[in-house]
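The next block holds one structure in the form of structure tokens; read it before the comments.
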Amino acid sequence: MNQRQADCDSSSMRQKLKGDLHRVAERMNITLSRFDNDHACLLGQFAEIRAEIKQIEVLASSFYLDCYLSPFTEKFAELSASVQHLSDRRYGALIVIERETPLDSIIHSGVAVDARITHALLESIFIPGAPLHDGAVLIRGNQIVSAGNVLPLSQVEVHERKMGTRHRAAIGLSELTDAVVLVVSEETGQASFAIGGDLHPINVIEVLS
């Protein structure tokens, strides 16, 4: 991550993340100190540590998403609110935010929209049964450029499990460009973002707070 990407108001969130990491480190040290006790079963502690690390990952992803996007759009709050509402309703969604790499020659263009970003407009595009709900929305700056776009699919299986088309498309575009791709699962409502070929879960409530 370069300085431009990381240029955001981060002091309070960084302190929270540091505190969470210190707590996990303390728990790991306690677990390590009990390791030589033949009568102690540590499986429960391992599960708790794994759950805490997962929570920290989600919090960190939510924080870094703001850092990745803030230099490229002023509508981060609108995007976050949209993802929150789509996640709550389990409406599948795919939202591409163009950064420095032009995307016109990489994605298969859908229907031109050319409108300012609002959470109401974004959410309406992904209502199940709407004409463009299966495609991706392309955002450039503060504008919704187009909807119903088709993205290149990744051929890589993540975490050794099969993914749906939306997640493969999100990862596929991020493997080829520096775009950030927001994705909401229609099965679980889980919100994630793809960047650099990796998929990161996010907690949109933390993003908005």
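Each residue of the sequence shown is one higher than the one before, starting from 1 at the first, in UniProt numbering. Quick reminder that beta carbons are idealized off the backbone N, C-alpha and C, glycines included.
Note down, in chain order, each residue of its chain lying with its Cβ closer than 8 Å to the Cβ of residue i, except the 5 sequence neighbours on either side.
i: E160; result: Confidence at E160 is low in this model, with a pLDDT of 46, below 50, so the placement of that residue is unreliable and no value is reported for it.
i: E48; result: R27
i: S174; result: V180, V181, A194, I195, G196, G197 and D198
i: A130; result: S124
i: T31; result: L42, Q45, F46 and I49
Over what stretch of residues does the beta strand (DSSP E) that includes residue i continue unbroken?
i: A147; result: Q143 to N149
i: S192; result: A191 to I195
i: I202; result: D198 to I202
i: A115; result: V111 to R116
i: I139; result: A136 to R140
i: L182; result: V180 to V184
Any idea if residue i is buried or exposed, counting beta-carbon neighbours within 10 angstroms, 16 or more meaning buried?
i: E123; result: buried
i: E78; result: buried
i: V181; result: buried
i: T101; result: exposed
i: I107; result: buried
i: S62; result: buried
i: V156; result: exposed
i: G19; result: exposed
Is the beta carbon of residue i less than 8 Å from the beta carbon of residue j?
i: L42; j: E98; result: no
i: R90; j: G164; result: no
i: L199; j: A179; result: no
i: V113; j: V145; result: yes
i: L17; j: L65; result: no
Counting only the same chain and skipping the five closest in sequence on each side, list residues whose C-beta sits under 7 Å from that of residue i.
i: L132; result: G110, V111, I125, A147 and G148
i: L121; result: A115 and I144
i: N142; result: T73, E74, K75, R116 and I117
i: S192; result: V183, L199, H200, P201 and I202
i: A40; result: R34
State the start and end residues of the unbroken alpha helix (DSSP H) segment that holds residue i.
i: A120; result: H119 to I125
i: V58; result: L43 to L69
i: A93; result: It is not in any alpha helix (DSSP H) - A93 instead sits in the beta strand (DSSP E) that spans A93 to I97.
i: D88; result: F76 to R89
Quick one, which of the options has its alpha-carbon nearest residue i's?
i: R116; options: H108, L103, G135 and R140; result: R140
i: E57; options: S33, M13 and P128; result: M13
i: I195; options: N203, E187, E186 and R168; result: R168
i: A93; options: L32, A136 and E52; result: A136
i: R166; options: N29, N203 and E187; result: E187
i: A25; options: I53, D36, P152 and A40; result: I53
i: D104; options: L69, R34 and L151; result: L151
i: N203; options: D88, F35 and L153; result: D88
i: A51; options: A40, L21, S70 and D36; result: L21
i: N29; options: H85, Y68 and Q45; result: Q45
i: R23; options: Q55, I95, F35 and N37; result: Q55
i: D134; options: H119, Q84, I95 and H85; result: I95
i: P128; options: L86, L153 and H119; result: L86
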